[in-house]
Amino acid sequence: MPARSRVEVVPCARMPWNAPATFTYRSAAASLAPGTWVRIPFRRTTITGVITGNAPRHTTSAFIKDIDAALPRVPLPRATLTFILDAASRTCNHPSRFLPSSSLFPASIDARPRAPSRASVSRPPRLLWWSSHETQENELLDRTRAHLHGTHLILVPTLARAHELHTLLAAHGYSPLLVAHARRIQEKKELFRIVLDNAPFLIIGTRSSLFLPFSRLDAVTIDEEEHWAYRQERPPPRYHARTLALALATLHRADTLLLTPSPSLVAFHYWHAEKTHPALATRRAIEIIDRTSFNAFKDPLAPRLLDLISSATAQKSVTLILTDTQGYAPLLQCGDCRYSFRCVQCAHILTAESPHAKDLACNRCGYREIIPPFCPVCSGARLRHAGFGPSRMIEYLLLHDIDARKYMHEHHPAAHGCFVGTIDQDFSRLIAGSRIICAHIDPLLARPAFTASERALHTLMRLSCAVSSGTLFVQTAVPDHPVLAALGGSADAFYRNEIALREKFNYPPFSTLIRIALPVKKKAGDRAHALYETLLPRVTPLGFAPLPSSHVYRRRTRALIFTLRYPHPVIPSRLWDRCAAILKDHLPADAIIDTEPESI
1 MPARSRVEVV PCARMPWNAP ATFTYRSAAA SLAPGTWVRI PFRRTTITGV ITGNAPRHTT
61 SAFIKDIDAA LPRVPLPRAT LTFILDAASR TCNHPSRFLP SSSLFPASID ARPRAPSRAS
121 VSRPPRLLWW SSHETQENEL LDRTRAHLHG THLILVPTLA RAHELHTLLA AHGYSPLLVA
181 HARRIQEKKE LFRIVLDNAP FLIIGTRSSL FLPFSRLDAV TIDEEEHWAY RQERPPPRYH
241 ARTLALALAT LHRADTLLLT PSPSLVAFHY WHAEKTHPAL ATRRAIEIID RTSFNAFKDP
301 LAPRLLDLIS SATAQKSVTL ILTDTQGYAP LLQCGDCRYS FRCVQCAHIL TAESPHAKDL
361 ACNRCGYREI IPPFCPVCSG ARLRHAGFGP SRMIEYLLLH DIDARKYMHE HHPAAHGCFV
421 GTIDQDFSRL IAGSRIICAH IDPLLARPAF TASERALHTL MRLSCAVSSG TLFVQTAVPD
481 HPVLAALGGS ADAFYRNEIA LREKFNYPPF STLIRIALPV KKKAGDRAHA LYETLLPRVT
541 PLGFAPLPSS HVYRRRTRAL IFTLRYPHPV IPSRLWDRCA AILKDHLPAD AIIDTEPESI
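If you use our numbering, the sequence shown corresponds to residues 1 to 600, in order.
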């Protein structure tokens, strides 16, 4: 049988990460081009797959199944197929995990994919560091106008931001305008038809929009490139959308722009930041309050802030109070010996979900235990809740005659009063002149991760941009922290110092980290440690060095966590292919691999 009648197919199924990327099938028709959708027998059923190309001539002559039929679907463009295979390879995912975003099954559309066209010269990405929402909106409008007759993808971190940007651009008369996260099948059919037709269009989408079947892409704009929502962790595939967006732009030679109020260290290190009105950042009303000047365990807010909230409520203005945790209180503590209840499985602090809860819960592994009548250390009976979650903060404000409500993003922008929320919520609907009070940000600064300071700065900078002409109050026990100094205007010094520390200790962007979690099952004994000891001698000669391992509990499952570090920011393709092959051969299918971890 000639080799051209054997093709490689990626099945459209939820394949594990260490399964073969493609499977060889026999085709009766020799004209099936890459990107053709076919129906294939797979195990004991029949599923859909996409052809990636002809099988190599050295393919074994073992039993090979036949393709059932070619489906009358619009084939995937070659650029999209190349991008999916490359993304799966660099992130240790199976290509089948990306195919649902590139297909429209079971619906069909009438479209003819046209020949792709690319720019003659590939330009490096441009990083724009804005300091006001007006600058961000003007830049987006100018960029939309510049690429009005081309294909333009605007990548946003959240669906709420996509609809907000949709409203902004539609108000200025720009069309066609599509949100890639459309739910109705008719909207998705229209979206795929325009994308495959290679006509000028503008798409606003979240992470999944990267895998649309683009035949042509002239411009890529990454809005708020530092946002944590660009990381996809659960469910698989696991990847960082910013990294894949840059790879997609490079593949199409598209003009790339990254917009950010506070750039990530990776972006700041690799691309020169173009600042717009940097003096605006120093003119924001930001006030740092030392929590050590009052009893923060009894009163979560400084006395002056209570007076300010009372007067603001009387004047019908907006005040938003943010806590660092959800629920009622972050911990239960003994009033005599200061003992705090911790999880017996993972040593995480146990929290109470309500003031009348009869048990404590671990937010990390799900462990629960009944609240005892006395302290297990000193037998004291004075057990009390320490710290303030949103529910307890509302109780505290009501005791001081302040009408407070829980903050929801659905609140109308014109709503006034005192709201209580968590620090990771979306505040894009706040009106100008609002006051934001961060009751306790020290847990953000003390996170056990090498990205703790960077993430804290991104969060606080996002809040400072949200208040606009209002005031941001930050309560902390370390008022001289470098993050707070950067918030006040010395951001350049913070980035330079942080990059120097990363370079000194060989952390990204000066190295590459691969974080691996091996589930430890009770019946398997010490199998995870055996896999760990077997894997290290095989990856060490390639240049990967192991970092210290540890045990964690995630969703009631104990896992052995270890990290491999490569001493350079870019792993050569030949070494990465060998490393990925070793990981696939020695690690189980339920292992979790993160190629861009935030912590080790």
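All residues carry an ideal CB built from backbone N, CA and C; glycine is no exception.
Go through the stretch 148-229 residue by residue and report every complete run of the beta strand (DSSP E) that reaches 3 residues or more, in order. 151-155, 177-179, 201-205 and 219-223
How big is the Cα-Cα spacing for Arg253 and Asp218? 7 Å
Beta-carbon proximity check, Thr459 vs Arg435, cutoff 9 Å: no
Would you tell me roughly how many angstroms separate the C-alpha atoms of Leu587 and Cys362, rounded to the nearest one? 29 Å
Let me know if His568 comes out buried or exposed under the rule of 16 or more other beta-carbons within 10 Å of its beta-carbon. exposed
Run through DSSP, which three-state label would Cys465 get? helix
What are the partner residues of Arg515, as DSSP defines its beta bridges? Thr563 and Asp594
Distance, Leu258 Cα to Thr282 Cα: Note on Thr282: pLDDT 45, under 50, position unreliable in the model; the coordinate value appears next. Approximately 22 Å, taken between the alpha carbons.
On a Cα-Cα basis, can you pick out the residue from Gln333, Glu353 and Ala352 that is closest to Ala381? Gln333
Less than 9 Å separating the beta-carbons of Leu397 and Ile309? yes
Which residue's Cα is closest to the Cα of His440: Gly389, Arg231 and Asp403? Gly389
Apply the 10 Å Cβ neighbour rule to Glu498 and answer buried if 16 or more other Cβ atoms are within range, or exposed otherwise. buried
Are there 16 or more other CB atoms within 10 angstroms of the CB of Asn138, so buried, or fewer, so exposed? exposed
So, is Val570 buried or exposed, given that buried needs 16 or more other C-beta atoms within 10 angstroms? exposed
If you count every other CB in all the chains shown that lies within 10 Å of the CB of Ile51, and 16 or more means buried, which is it? buried
Proximity below 9 Å, CB of Arg291 to CB of Ala477: yes
Sort out for me which residues DSSP pairs Val10 with in a bridge. Val50
With a cut-off of 8 Å, do at least 3 Cβ pairs link the stretch 298-314 to the stretch 160-168? no
Where does Asp526 sit, in a helix, a strand or coil, going by DSSP? coil
Determine the burial state of Ile561: buried for a count of at least 16 other Cβ atoms within 10 Å of its Cβ, exposed for fewer. buried
Just list the residues that DSSP pairs Ser340 with in beta bridges. Gln333
Locate the alpha helix (DSSP H) running through Leu265, then write down its first and last residues. Leu265 to Tyr270
Helix, strand or coil: how does DSSP classify Glu395 here? helix
Look up Leu472 in the DSSP assignment and say whether it is helix, strand or coil. strand
What residue range is occupied by the uninterrupted alpha helix (DSSP H) comprising Ala581? Ser573 to His586
Kindly confirm or deny that the stretch 83-96 and the stretch 186-205 touch, where touching means at least three C-beta pairs closer than 8 Å. no
Own chain, CB closer than 6 Å to Ile64, minus 5 neighbours either side, in chain order: Thr24 and Arg26
Can the beta-carbon of Pro11 be found closer than 9 Å to that of Ser96? yes
Secondary structure of Ser434, DSSP reduced to three states: coil
Roughly how many whole angstroms lie between the Cα atoms of Arg384 and Pro373? 11 Å
Per DSSP, the bridge partner or partners of Gln315: Answer is none; Gln315 lacks a bridge partner.
Drop a sphere of 10 angstroms on the beta-carbon of Thr80, count the other beta-carbons inside from all chains shown, and report buried for 16 or more, exposed for fewer. buried
For the stretch 474-494 and the stretch 231-251, state whether three or more C-beta atom pairs, one from each stretch, are separated by less than 8 Å. no
For the 8 Å Cβ check, are there 3 or more pairs between the stretch 65-72 and the stretch 31-51? yes
How is Phe505 classed by DSSP in three states: helix, strand or coil? coil
Contact defined as beta carbons within less than 8 Å: I believe Met408 pairs with Thr323. What is the distance between those atoms, to the nearest angstrom? In fact, because the Cβ distance is near 15 Å, the residues do not count as touching under 8 Å.
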